[in-house]
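This report refers to the structure that appears directly beneath it.
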Amino acid sequence: MNTPRLADFRRIVVKVGSSLLVDANAGNCDESWLAALTADLAALYDDRRNLIVVSSGAIALGRAVLKLPNGPLKLEDSQAAAAVGQIALARTWTEALSRHHITAGQVLVTLGDTEERRRYLNARSTIDKLLEWRAVPVINENDTVATSEIRYGDNDRLAARVATMMSADLLVLLSDVDGLYDAPPDTVPTARHLPLVERITPAIEAMAGAAGSELSRGGMQTKLEAAKIAIAAGTHMVIASGRLEHPLRAIAEGARCTWFLAAGNPVTARKKWIAGSLEPKGTLTIDAGAVAALRRGNSLLPVGVVRVDGGFARGDAVIIRGPDGAEIGRGLCAYDADDAQKIKGRSSTDIASILGFNGRAEIVHRDNLVVGLA
Numbered sequence: 001m002n003t004p005r006l007a008d009f010r011r012i013v014v015k016v017g018s019s020l021l022v023d024a025n026a027g028n029c030d031e032s033w034l035a036a037l038t039a040d041l042a043a044l045y046d047d048r049r050n051l052i053v054v055s056s057g058a059i060a061l062g063r064a065v066l067k068l069p070n071g072p073l074k075l076e077d078s079q080a081a082a083a084v085g086q087i088a089l090a091r092t093w094t095e096a097l098s099r100h101h102i103t104a105g106q107v108l109v110t111l112g113d114t115e116e117r118r119r120y121l122n123a124r125s126t127i128d129k130l131l132e133w134r135a136v137p138v139i140n141e142n143d144t145v146a147t148s149e150i151r152y153g154d155n156d157r158l159a160a161r162v163a164t165m166m167s168a169d170l171l172v173l174l175s176d177v178d179g180l181y182d183a184p185p186d187t188v189p190t191a192r193h194l195p196l197v198e199r200i201t202p203a204i205e206a207m208a209g210a211a212g213s214e215l216s217r218g219g220m221q222t223k224l225e226a227a228k229i230a231i232a233a234g235t236h237m238v239i240a241s242g243r244l245e246h247p248l249r250a251i252a253e254g255a256r257c258t259w260f261l262a263a264g265n266p267v268t269a270r271k272k273w274i275a276g277s278l279e280p281k282g283t284l285t286i287d288a289g290a291v292a293a294l295r296r297g298n299s300l301l302p303v304g305v306v307r308v309d310g311g312f313a314r315g316d317a318v319i320i321r322g323p324d325g326a327e328i329g330r331g332l333c334a335y336d337a338d339d340a341q342k343i344k345g346r347s348s349t350d351i352a353s354i355l356g357f358n359g360r361a362e363i364v365h366r367d368n369l370v371v372g373l374a
């Protein structure tokens, strides 16, 4: 299979680790490196790519501002350091991107925000809106509130969850190393670099090593876990060296890296998930006009719904049936059952006056809809 190119992808998540962003000796941001990276991001941005950055560094920057001693921090110390560092991190990215006339938007998430359905949908909607407005979301784990039981603990897996949540077609993990080797390259001189991984096998997983620097909380093992998350959702992934001054440009120019290939694409994978992996919580019965609209590739609007059954919440999967009771498809409903009951058969322009808030015009958006299952 041919190795992908950076130019092949339209929605790209770039993960930046603490060890790249923060100078371990000085304790502050490596301004020269960040300037080069944001120049790479700006080039992609100007080529109309949708960009999302997942950035570590809040605790490391907060630690430097507070002049905390080296060594492990207790949980409450890390949380307090993150509270200071998140301000510094947001300012750092805002200033760096603004030099290219790009607006940054800070999004802080926890494990629950990517796993609990309602919070997942809220996070997805917020990031989608930022991308629509041509801003670049800069995402970090909310270390000020995340406890050891509810946190990711590394931004590799967080970046993979964000990539799948946003249906990105590429996840870039900028790392201390330039990809996956069959043995630790720093201790085994004959270690062989793998430029392409088409499938993650037990043999591939056995190649993973431990964390590579003091500021890193992840290692090759968490990167492989991130790869499994990403490729299962149809997102390609690449591990590349962030030690180069222009790391994204280097990838585009063919620098050494490791590509992990997804079998499908994010839309296909998401629709398979909706069709086969989610238990339907209710049913929407629609009229003949709505059936025809769905088969043309349109979203389901409230006006086409004639009956609502079940006790589903916003974001739950529902079965969609035609007037004869035949299953037309399945999708994720944008409203809970009570609100769907209130707006069924009504125009989307009436939603605000009926519900008292401006909800989505579609009761099931076509991106969250699979038609033709029966």
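Letter 21 of the sequence shown, counting from 1, is numbered 21 in the working numbering, and no numbers are missing. Virtual Cβ for every residue (Gly too), placed ideally from N, Cα, C. From a predicted model like this one, the values you see are computed outputs, not experimental measurements.
Assigned with DSSP and collapsed to three states, N122 falls in helix. The beta carbon of L194 sits closer than 6 angstroms to the beta carbons of L180, T258 from its chain, once the five residues preceding and following it are set aside; these are given in chain order.
In this structure, the beta-carbon distance from R366 to D169 does not fall below 8 angstroms. Between D178 and A191, the C-beta gap is not smaller than 8 angstroms, which leaves the two residues out of contact.
Cβ-Cβ distances below 6 angstroms link T103 to A135 in the same chain, with the five nearest sequence neighbours on each side left out; the list follows chain order.
The region 286 to 304 makes no contact with the region 261 to 276, as fewer than three CB pairs between them are under 8 angstroms. Between G105 and the set I87, Y120, E115, A203, the nearest pair of CA atoms involves I87. Considering only V306, A230, A232, E205, the residue with the shortest C-alpha distance to Q221 is E205. In the displayed model, N155 falls within a helix according to three-state DSSP. Residue range 257 to 260 is occupied by the beta strand (DSSP E) that includes W259.
In the three-state DSSP reduction, Y335 falls in the coil class, being neither helix nor strand. If you ignore the 5 residues before and after I354, its C-beta comes within less than 6 angstroms of the C-beta of K342, I343, all in its own chain and listed in chain order. When C-alpha distances from A60 are compared across G17, L171, R99, D46, the shortest belongs to G17. Rounded to whole angstroms, the gap between the alpha carbons of E225 and V303 is 44 angstroms. Just so you know, the alpha carbons of R346 and A64 end up roughly 57 angstroms apart.
Distance from the CA atom of T3 to the CA atom of V197, rounded to whole angstroms, is 10 angstroms. Here L158 really is in contact with E141; their C-beta atoms are around 6 angstroms apart, less than 8 angstroms.
In the DSSP assignment, P137 falls within the beta strand (DSSP E) that extends over 136 to 141. Inter-residue distance for A123 and V188 is about 43 angstroms (C-alpha atoms, whole angstroms). Of the other Cβ atoms in all chains shown, 16 or more fall within 10 Å of the Cβ of V13; this residue is therefore buried. Per DSSP, V84 is one residue of the alpha helix (DSSP H) stretching across 75 to 98. With fewer than 16 neighbouring CB atoms inside 10 Å of its own CB, V267 falls in the exposed class. Bounds of the alpha helix (DSSP H) holding K223 are 220 to 232.
Beta-bridge pairing by DSSP links D309 to T283. In this structure, the straight-line span from the alpha carbon of A255 to that of M237 is close to 15 angstroms.
The three-state secondary structure of V177, taken from DSSP, is coil. By the C-beta criterion, the region 320 to 327 is judged to be in contact with the region 286 to 293, since at least 3 inter-stretch pairs fall below 8 angstroms.
The way I'd put it, the region 245 to 254 does touch the region 31 to 51; three or more beta-carbon pairs between them come closer than 8 angstroms. Closest option to L171, judged by alpha-carbon separation, among P184, N155, D186, P185: N155. CA-to-CA, the gap between L261 and D176 works out to about 21 angstroms. Annotated three-state conformation of A168 is coil, per DSSP. Rounded to the nearest angstrom, the gap between the Cα atoms of L6 and A250 is 10 angstroms.
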